[in-house]
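Undergrad:
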Amino acid sequence: MKAIKSIRGMHDILPESIHVWQYLEDRLRRLLARYGYAEIRMPLLESTELFARSIGDVTDIVEKEMYTFEDRNGDSLSLRPEATASCVRAGIQHGLLHNQVQRLWYLGPMFRHERPQKGRYRQFHQVGLEVFGLAGPDIDAEILAMTARLWQDLGLDNVRLELNTLGTPASRKTYRDHLIAYFEQHRDGLDEEARRRLYENPLRILDSKHPETREVVAGAPSLMDDLDAESRDHFERLCAHLDALGIAYIHNPRLVRGLDYYTHTVFEWITDDLGAQGTVCAGGRYDGLVEQLGGRGTPAIGMAMGLERLVALLEERAAAPAAPGPDVYLVVGGEDLTAPALVLAEQLRGELPELHLVQHCGGGSFKAQMKRADRLGAQYALVLGSDELAAGTVTVKPLRSAGAEQVAVARDMLATHLRAALPRLQHESMQGHETP
Ligand code: ATP
Ligand code: MG
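Using the numbering used here, you'd call the opening residue of the sequence shown number 3 and step up by one each time.
1. Ends of the alpha helix (DSSP H) at V22?
2. Any heavy atom of the ligand ATP closer than 6 Å to the beta-carbon of E27?
3. I need the straight-line Cα distance from V219 to T265, nearest angstrom please.
4. Would the segment 132-149 count as touching the segment 208-226 if we require 3 or more Cβ pairs under 8 Å?
5. Quick one, are the C-beta atoms of M12 and R124 less than 7 Å apart?
6. Does the segment 406-421 come within contact of the segment 342-360, defined as at least 3 CB pairs closer than 8 Å?
7. Assuming L106 is part of the beta strand (DSSP E), what are its boundary residues?
8. Taking all protein chains shown into account, decide if V22 is buried (16 or more other Cβ within 10 angstroms of its Cβ) or exposed.
9. With distances taken between CB atoms, is the gap from R105 to V133 smaller than 7 Å?
10. I believe H362 touches V334 by the beta-carbon criterion, under 8 Å. Please report the beta-carbon distance rounded to the nearest angstrom.
11. Return the chain-ordered list of same chain residues with a C-beta closer than 6 Å to the C-beta of N254, the five sequence neighbours on each side being excluded.
12. For L181, name the three-state secondary structure that DSSP assigns.
13. Could you spell out the range, first to last residue, of the alpha helix (DSSP H) harbouring H419?
14. Would you mind sorting R287 into buried or exposed? The rule is 16 or more other CB atoms within 10 Å of its CB.
15. Classify R199 as buried or exposed, calling it buried when 16 or more other Cβ atoms lie within 10 Å of its own Cβ.
16. Roughly how far, in whole angstroms, is the beta-carbon of Y69 from the beta-carbon of L81, given that I think they are within contact range, below 8 Å?
17. Take E407 and list the residues in its own chain whose beta-carbon comes closer than 7 Å to its own, dropping the five residues that flank it on each side.
18. Measuring alpha carbon to alpha carbon, tell me which of E194, P323, A410 ends up nearest K399.
19. Nearest-angstrom Cα distance between A392 and R421?
20. Can you name the residues that DSSP bridges to Y331?
21. Would you mind giving the Cβ-Cβ distance between I63 and R114, rounded to the nearest angstrom? I have them listed as a contact below 8 Å.
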């Protein structure tokens, strides 16, 4: 029979690479906690209208990339292409936003029907954060400082910050009119999609990847010329904060981002190490979105990182520590020792809650069992044979330190022996109280 494969652009994450994911997620969790963020988890499915109303009807995501279907009741649902809209929806629904400051983060899969290629998938993962109730630019700067710290934590030095402002809605309106006037003069140079968007969403054209259109875009007026005093002030103060923090940035006046809801600050962190899909983190301020989705006006800013791209960077640089093997592998010296071995393993797990113990199951020769212990990367083999059982001992055989001798340890001294032999156990039992 023909085997069934996973859907194109949707990938399994296998045990051989999971340690990189866990390392990254662990670093992110710790960092977010240090800056006062609380985790929130939203459903993967939302009503389609939520995304149409927030991301915008005339965007790549809503026009071409969403997984949308009718459920059994005939309601139109979509798999979330991003989670800002869901987070705002949840915030309004549960009364988290009005007159409050919230720093929230989430982690999970997102779904977009894009053309799969390196760094671009149909199911991919983001860690995102959203801050509500702060009009900035201090929080804008803090978010960028936290992100800069993350790159440092992860040993990633080739990530640069590109920054822009989209200004207030009023500035954008003025700019929009100037942009339409300019593009009307250069209509012949625009591709079909750009022409279609000319009146509906001219800013989107600045984002075009079409070569001819890009030439036209190169001569387009700059939003900077249309910024009102408030927009200019927000941006200048943010830049001053970044200068004070010593965070380098490039002002890219063409950076507009793919979603409609942004205002003021927008930014991307980009690396050259990943080829065309080099944006590892992107975000911006969206002061109008909460109201647009039915809440009371609340300033907000958020960003999201693509975990597949960060994992690829970490793998390329071998920056994530290798997956550790088990502490001990329990070798069972014959079928009649199966029950005593099971009992020993359970007793040890009770005595040493941090111990990673793999018991050999399924029988087999002593040699085959030792080979398996070695292949798994175990630190020690514990051997329970009939001699050991009779003597009330267990043989502890070091597998990773050349020249170290095996020793017979009395059963009632085994936990103490292992605790002394495995530094991780001492370390973790002390840490256990701090991080429940
Ligand atoms: P791009 O310009 O690469 O399409 P985007 O502007 O659509 O990105 P956002 O919606 O801002 O991306 O998502 C934030 C981050 O999520 C991106 O910077 C990227 O790291 C990651 N990301 C977005 N789409 C994908 C995808 N299809 N596959 C993998 N990662 C993605
Ligand atoms: Mg995209």
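The beta-carbon is built from N, C-alpha and C at its ideal position, and this holds for glycine as well.
TA: The relevant details are as follows:
1. Taking the sequence shown and counting its residues from 1, the one referred to as residue 22 is at position 20. Note, V22: alpha helix (DSSP H), 17-36.
2. Start at 1 with the first residue of the sequence shown, and residue 27 comes out as number 25. Outside the cutoff, so no.
3. As a first step, residue 219 must be located in the sequence shown, where it is residue number 217. As a first step, residue 265 must be located in the sequence shown, where it is residue number 263. Cα to Cα, the separation comes out at about 21 Å.
4. no
5. As a working note, residue 12 is residue 10 in the sequence shown. As a working note, residue 124 is residue 122 in the sequence shown. In this structure, M12 places its C-beta atom within 7 Å of the C-beta atom of R124.
6. yes
7. Position 104 of the sequence shown holds residue 106. Element bounds for L106: 104-113.
8. Locating residue 22 in the sequence shown gives position 20, where the first residue counts as 1. By the neighbour-count rule (16 or more Cβ atoms within 10 Å), V22 is buried.
9. Here residue 105 refers to the residue found at position 103 when the sequence shown is read from its first residue. Here residue 133 refers to the residue found at position 131 when the sequence shown is read from its first residue. When the beta-carbon positions are compared, R105 and V133 come within less than 7 Å of each other.
10. The sequence position of residue 362 within the sequence shown is 360, counting from 1. The sequence position of residue 334 within the sequence shown is 332, counting from 1. Indeed they touch by this definition, with Cβ atoms about 5 Å apart.
11. Here residue 254 refers to the residue found at position 252 of the sequence shown. These residues qualify, in order along the chain: E164, N166.
12. Counting from 1 along the sequence shown, the entry for residue 181 is found at position 179. L181 falls in the helix class under three-state DSSP.
13. Taking the first residue of the sequence shown as 1, we reach residue 419 at position 417. From DSSP, the alpha helix (DSSP H) with H419 extends over 416-423.
14. Translated into positions along the sequence shown, residue 287 becomes position 285. The residue is buried, with at least 16 neighbouring Cβ atoms inside 10 Å.
15. Walking along the sequence shown from the start, residue 199 turns up at place 197. Buried: at least 16 other Cβ atoms inside 10 Å.
16. For the purposes of this step, residue 69 is taken as residue 67 along the sequence shown, with counting starting at 1. For the purposes of this step, residue 81 is taken as residue 79 along the sequence shown, with counting starting at 1. With 8 Å as the limit, Y69 and L81 qualify as a contact, their Cβ atoms being about 4 Å apart.
17. Here residue 407 refers to the residue found at position 405 when the sequence shown is read from its first residue. Here the set comprises nothing.
18. Position 397 of the sequence shown, counting from 1, holds the residue named residue 399. If we check each option's Cα against that of K399, A410 comes out closest.
19. On the sequence shown, residue 392 is found 390 positions in, with the first residue counted as 1. On the sequence shown, residue 421 is found 419 positions in, with the first residue counted as 1. Each residue's alpha carbon lies about 24 Å from the other.
20. Sequence index remark: in the sequence shown, residue 331 carries index 329 (1-based). DSSP output for Y331 lists V360, A383 as bridge partner(s).
21. Your numbering for residue 63 matches position 61 in the sequence shown. Your numbering for residue 114 matches position 112 in the sequence shown. 7 Å between Cβ atoms; contact.
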